[in-house]
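Enquirer:
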Amino acid sequence: NAGVTQTPKFQVLKTGQSMTLQCAQDMNHNSMYWYRQDPGMGLRLIYYSASEGTTDKGEVPNGYNVSRLNKREFSLRLESAAPSQTSVYFCASSEVGGGEQFFGPGTRLTVL
Amino acid sequence: GNSVTQMEGPVTLSEEAFLTINCTYTATGYPSLFWYVQYPGEGLQLLLKATKADDKGSNKGFEATYRKETTSFHLEKGSVQVSDSAVYFCALFDNYGQNFVFGPGTRLSVLP
């Protein structure tokens, strides 16, 4: 079992560029999440998907879109990157909402 | 809204010292409470959890008790090791909004 995998691990973008962060889990979990981690602010929820075919906004959704491609995969897209989106992004999954969340290793994104 | 407050770090201790990291929360209902740990360069891992008042979560020598009367979930360990050096996050799961809320994290450094 690989658990939760994320690609890429590191990325540098210029302001205005777009990119998609990929996340996949092999634990047959129903719920998946995208967080950003900024110094002194803990993790903030961007979007989540309670089950295949559904997505909902979290605390900080502006500037992001998501796609729950199937039960395994949940991608996060930045359409027009801004320096304020420089952060570490974590994907997580859980069997059900409120259950233990399993985290990926993170993607460190820098927007210049 | 829901929120989690943790003691500010960094916390620096000598090996075998007693550890307490304070966590208090604000929630509309009766949340589940969690402690997650993040080792350098990795994603978060669940350390322990408690789902109702007076429950005690424990793992790897760490303990925390769900105190509804003081809205607290303080993390304790009787004798820390160098390998416990990490960032510790307190979190709650809001059963109404179906969202996790994380505290800002407390960095612990244990010196030999």
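Here the protein sequences line up with chains A and B, keeping their order. Take the first sequence: its letter number 41 is residue 41 in our numbering, and every next letter is one higher. Take the second sequence: its letter number 65 is residue 177 in our numbering, and every next letter is one higher. Beta carbons: idealized from backbone N, C-alpha and C, even for Gly.
Have a look at A:Gly98 and B:Gly155 and give me their C-alpha separation to the nearest angstrom.
Expert: What you label residue 98 of chain A is simply residue 98 of the first sequence in a count that begins at 1. What you label residue 155 of chain B is simply residue 43 of the second sequence in a count that begins at 1. When rounded, the distance between both Cα atoms is 18 angstroms.
Enquirer: Between the beta-carbon of B:Leu220 and the beta-carbon of B:Leu145, is there less than 9 angstroms?
Expert: Counting from 1 along the second sequence, the entry for residue 220 of chain B is found at position 108. Counting from 1 along the second sequence, the entry for residue 145 of chain B is found at position 33. Against a cut-off of 9 angstroms, the Cβ pair of B:Leu145 and B:Leu220 comes out as no contact.
Enquirer: If you follow the beta strand (DSSP E) that A:Asn65 is part of, which residue opens it and which one closes it?
Expert: Mapped onto the first sequence, residue 65 of chain A falls at position 65. First-last of the beta strand (DSSP E) with A:Asn65: Asn65 to Arg68.
Enquirer: According to DSSP, is A:Gln85 part of a helix, a strand, or is it coil?
Expert: The residue you call residue 85 of chain A lines up with position 85 of the first sequence. Correct three-state label for A:Gln85: helix.
Enquirer: Check B:Val194 in the structure and name its three-state DSSP category.
Expert: Residue mapping note: residue 194 of chain B aligns to position 82 of the second sequence, counting from 1. Three-state result, B:Val194: helix.
Enquirer: So is B:Gly153 in contact with chain A if we call contact Cβ pairs under 9 angstroms?
Expert: Position 41 of the second sequence, counting from 1, holds the residue named residue 153 of chain B. At least one chain A Cβ lies under 9 angstroms of B:Gly153.
Enquirer: Kindly list, in the order they appear in chain B, the residues whose Cβ is closer than 9 angstroms to that of A:Pro8.
Expert: Sequence index remark: in the first sequence, residue 8 of chain A carries index 8 (1-based). Ordered by position in chain B, no residue passes the 9 angstroms Cβ test against A:Pro8, which lies about 15 angstroms from the chain.
Enquirer: Can you tell me which of the three DSSP states B:Phe201 falls into?
Expert: Taking the second sequence and counting its residues from 1, one reaches residue 201 of chain B at position 89. Here B:Phe201 sits in strand by DSSP.
Enquirer: So A:Tyr35 is in the beta strand (DSSP E); what residue range does that whole segment cover?
Expert: The residue you call residue 35 of chain A lines up with position 35 of the first sequence. First-last of the beta strand (DSSP E) with A:Tyr35: Ser31 to Asp38.
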